[in-house]
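Enquirer:
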Amino acid sequence: MAIKFNPSPSLPPPVNSVGAVAWVRHNLLSSPLNIFLTLFSFYVLYLLIPPVVEWGLINATFEGESKAACTAGGACWAFIGVYFEQFMYGLYPADETWRIDLALILLVVLIAMFAIKAVNKLFLSIGIIAVYPVIAYFLFAGGVFGLEIVETSLWGGLFLTTLLGVVGIVASFPLGVLLALGRQSSMPIAKSVCIVFIETIRAVPLITILFMASVMIPLFLPDGMNFNKLMRVLIGITLFSAAYMAEVIRGGLQAIPKGQYEAADAMGLTYWQSMVLVILPQALKLVIPGIVNTFIGLFKDTTLVYIVGMFDLLGRIQAATHDSSWLGTTIEGYAFAGFIYWAACFGMSRYSMRIERKLETGHKRN
Amino acid sequence: MSDNTTSSNKSLLNDAGTRAIIFQVVLLAVVVFVSYYLFSNLQANLANQGISTGFEFLNQPAGFPVLIHLIEYTEADTYGRAFIVALINTIVISLMGIILATVIGVVMGLARLSNNWLVARLATVYVETLRNIPLLLQMFFWYFAVLATLPIPKNSIIFGDFFLNKRGIYSPNPLFQEGFGFVIAGFVISIIASIALIVWAKRRQTITGLWFPAYWASLGLIVVITFLALAISGFPIEFDLPQKSRFNVTGGMVLPPEFVAVLVALSTYTGAFIAEIVRAGILSVNWGQTEAARSLGLKDSLTQRLIVLPQALRVIIPPLTSQFLNLAKNSSLGAAIAYPELVAVVMGTTLNQTGQAIENIGLCMLVYGTLSLTISIFMNWYNKKMSLTER
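From first to last, the protein sequence lines are chains B and G.
In my numbering, each residue's number is its place in the first sequence (first place is 1) plus 1.
In my numbering, each residue's number is its place in the second sequence (first place is 1) plus 12.
(1) For Q368 of chain G, does the three-state DSSP call read helix, strand or coil?
(2) Rounded to whole angstroms, what's the CA-CA distance from R93 of chain G to H81 of chain G? Just pull it up for me.
(3) Would you say F212 of chain B lies against chain G (beta-carbon separation less than 8 Å)?
(4) Would I106 of chain B and L211 of chain B qualify as a contact pair, given that the criterion is a beta-carbon distance under 8 Å?
(5) Please classify G225 of chain B: is it buried, with 16 or more other beta-carbons within 10 angstroms of its beta-carbon, or exposed?
(6) Just the C-alpha distance for F152 of chain G and T141 of chain G, rounded to the nearest angstrom, thanks.
(7) Check whether the region 346–360 of chain G and the region 151–170 of chain G touch, using three or more Cβ-Cβ pairs below 8 Å as the test.
(8) Apart from the five residues just before and just after T102 of chain G, which ones in its own chain have a Cβ nearer than 7 Å to its Cβ?
(9) Smallest Cα separation from K259 of chain B: which of B:A284, B:G237, B:M246?
(10) Of all the CB atoms in chain B, is at least one closer than 8 Å to the CB of N144 of chain G?
(11) Taking only the alpha-carbon atoms, compute the straight-line gap between S20 of chain G and K396 of chain G and give it to the nearest angstrom.
(12) With three or more C-beta pairs closer than 8 Å as the rule, is the region 15–26 of chain B touching the region 46–65 of chain B?
(13) Given this structure, state the Cα-to-Cα distance separating E66 of chain B from G329 of chain B, to the nearest angstrom.
(14) Just grab the DSSP bridge partners of L176 of chain G for me.
(15) Where DSSP assigns a beta bridge to Q255 of chain G, which residues make up the other side?
(16) If contacts are defined as beta-carbon pairs under 8 Å, then S206 of chain G and S183 of chain G qualify, I think. What distance do you get, rounded to the angstrom?
(17) Measuring alpha carbon to alpha carbon, tell me which of B:S154, B:T153, B:F139 ends up nearest G147 of chain B.
(18) Decide if A226 of chain G is buried, meaning its Cβ has at least 16 other Cβ atoms within 10 Å, or exposed.
(19) Entirely within the region 37–102 of chain B and at least 3 residues each: give me those beta strand (DSSP E) ranges in chain order.
(20) Which residue marks the beginning of the alpha helix (DSSP H) containing L315 of chain B, and which one marks its end?
(21) When we look at the beta-carbon of L275 of chain G and count the other beta-carbons within 10 Å, is it buried (16 or more) or exposed?
(22) Do you know offhand how far R184 of chain B's Cα is from Q365 of chain G's?
(23) Flag Q255 of chain B as yes if its beta-carbon sits less than 8 Å from any beta-carbon of chain G, otherwise no.
(24) Does A338 of chain B get closer than 8 Å to chain G when you measure Cβ to Cβ?
(25) I'd like to know if E140 of chain G contacts chain D, where contact means its C-beta is closer than 8 Å to some C-beta of that chain.
(26) Classify F80 of chain B as buried or exposed, calling it buried when 16 or more other Cβ atoms lie within 10 Å of its own Cβ.
(27) Note down the Cα distance separating G75 of chain G from N372 of chain G, rounded to an integer number of angstroms.
(28) Which runs of the alpha helix (DSSP H) spanning at least 4 residues fall entirely within the region 277–328 of chain G, listed in chain order?
(29) Is V306 of chain B closer than 8 Å to V234 of chain B when the C-beta atoms are compared?
(30) Is the number of C-beta pairs between the region 296–306 of chain B and the region 270–288 of chain B that are closer than 8 Å three or more?
(31) Assess contact between the region 165–176 of chain G and the region 256–268 of chain G, defined as three or more Cβ pairs (one per stretch) separated by less than 8 Å. Is contact present?
(32) Indicate whether at least one CB of chain G lies closer than 8 Å to the CB of Q319 of chain B.
(33) Measure the C-alpha to C-alpha separation of N57 of chain G and S215 of chain B and round it to an integer number of angstroms.
(34) At what residues does the alpha helix (DSSP H) containing A214 of chain B begin and finish?
(35) Rank B:M276, B:M354, B:G310, B:S326 by C-alpha distance to the C-alpha of L161 of chain B and give the top, closest one.
(36) For chain G, is any of its Cβ atoms less than 8 Å away from the one on N367 of chain B?
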């Protein structure tokens, strides 16, 4: 009779090699230095978190009409509540802010339509790039269909920040592509013009460009011809980010193997055909993270327009903290602005990582 | 390229070379024409508005104060001198910012790679927070929300001989007495000696394989010789301590709040970017390198210093250079909180007073261009020194 072999059930692993205990031992307490670092980190957290929570939530005041209402000793969020409209729209007339909202909703709807299969993507893109800006401009500025005219000097707050960022990046993109192609081309004059432009812009801070836009452009134009300040600043920002964009795109162009260029030539494509149909689609895909990074940088840099006297989100907050009935609310204002900028930039960088993974078609060597 | 097979295509316009020439001639013509057009407008406008041209204004008295000046400066001095003062302020804040940002960046980058979960998380939070908030906002935060809310001089916060109040940080100011030259001489000699020691140790190691702790020895050498020189010359150094009078703090060395705010904001912000560069650089070194070093029997510290770091540096240096350039350019944001650097003095006050926009903005761009060029030349030299020598 065969003996039936009954293995006894395997023992559970030792307590200190699995589960929470092992994790703590391995990640927090593995050596004396590690123990010290853990304690130090807890101390830093202890220094930071309780006071911030106490100030921002427990002792905070959320409603009130002036600083006098904030008596709890914590943050005075009522300040943000009272000024919220101004932070969002600047001095745009309160009865007209629906126009900004409408333009935003329209944009969101148009972009959302990319998800619908039945819609022609080409027409949609043309609509967004060519038609939408015109509609948005007339919505913002007014003057047609009985819309009240709103001077650009009244535009401000997060609206202005977004406008500067989006127009800057959209307008700088084609310019950046041209500059990058010019820098890569074999024509000596075209090449040197592009190099001089790119390197000059990249060598100086944005502030000097903005000063140039606000002070110097009027001097270079003939008498009687002038743009308003917003337009001049937009030109400055566009030229500035075009130089950075060109360098990012050049990186993509250089990463395309020579065989692709040769193959396009062998097919008998002209220069522009081979660029538009073969090289650029591949190159741009490679540099999407770089483009998003440029955009994030530009979005943060739009705060500098405050220095040349325009009131974007940060400018409006800075102005509001000087209101005599809200003195001493600077930290609340900066925390609010910081949160908005942080959320926007962090969101964008995460989104670009996702796109990068999605578009990954296995050209990378690993 | 131009060897078209069918004769109908063989017109001159279809020849790539000819087209390139035509295109470039047109481009050049456009550039020249636009420049000429803008320049003639400029001259007409300047004449209309009665703005003088040229750099003579640099010799005229400025008549405005510059709050932070490292060289003698009074309101009676010229615009030229004000420019030099501002230039020094820009260079000082850029250099100090670069050093501090590198230290912060390296520490935070290593912390993000730490085995300690908590430390790595804290460093991540630091990097992700500071990177994603505009620098100008951070500068405002430090200046208006932190330093401006410090107590008035009467109620200064005191740490030993350091005072902290609305007007800045007061610290003891070293005053060098007669005979300090002797100490400096001692210091220089000790540095030369330690360089010689390091060279000798390296040469001996390549020949005999014997190892000598040259870095520790030279550190000791510098400390001992300098201290001896100090002792022999009878400690020729005195400290001007800040004194608290009834309403004010006098004496000592003052770091004005504008300077502190710009420096802190610049170095913590750029530090966050450098942290990511350092982390990426270290991660880029193949793990096999570390394993190989361990199998050769190298200690962990030597593995890092001799194997990982030199390879990581090659990846780190180019992006680090552009961060340094960014920092130097971003120092111009100090203008927003009245730190008297180049933009504030030249493009702010001088431009307002003289109205000579072209010269002043041009001057600023020239200086930033030169500064950027200097930094990139230095970093390119360092990069070349560190790069892989292929045989």
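Just so you know, even glycine gets a beta-carbon here, dropped at the ideal spot from N, CA and C.
Expert: With the structure as the only source:
(1) Coil, per DSSP.
(2) Near 10 Å, if we compare the C-alpha coordinates of H81 of chain G and R93 of chain G.
(3) yes
(4) Contact: no.
(5) exposed
(6) 16 Å
(7) By the C-beta criterion, the region 346–360 of chain G is judged to be in contact with the region 151–170 of chain G, since at least 3 inter-stretch pairs fall below 8 Å.
(8) S343, E353, L354
(9) B:A284
(10) Cβ-Cβ to chain B under 8 Å: yes for N144 of chain G.
(11) Annotation note: pLDDT 48 at S20 of chain G (below 50); position unreliable, coordinate value reported separately. If you take the alpha carbons of S20 of chain G and K396 of chain G, they lie about 53 Å apart.
(12) no
(13) C-alpha separation (whole angstroms): 14 Å.
(14) G:I169, G:I181
(15) G:T262
(16) Incorrect: roughly 29 Å between the Cβ atoms, too far for contact.
(17) B:F139
(18) buried
(19) none
(20) In the DSSP annotation of this structure, the continuous segment of the alpha helix (DSSP H) that includes L315 of chain B starts and ends at 314–321.
(21) buried
(22) Roughly 40 Å separates the two Cα atoms.
(23) no
(24) Yes - at least one Cβ of chain G is within 8 Å of the one on A338 of chain B.
(25) Here the protein chains are B and G, and chain D is not one of them.
(26) When all chains shown are included, F80 of chain B counts as buried.
(27) Between the alpha carbons of G75 of chain G and N372 of chain G lies a gap of roughly 17 Å.
(28) 299–307
(29) yes
(30) no
(31) yes
(32) yes
(33) 16 Å
(34) Premise fails: A214 of chain B is in no alpha helix (DSSP H) and is neither H nor E.
(35) The option with the nearest alpha carbon to L161 of chain B is B:G310.
(36) Bear in mind that a pLDDT of 38 at N367 of chain B, under 50, signals an unreliable position, so the model cannot answer this.
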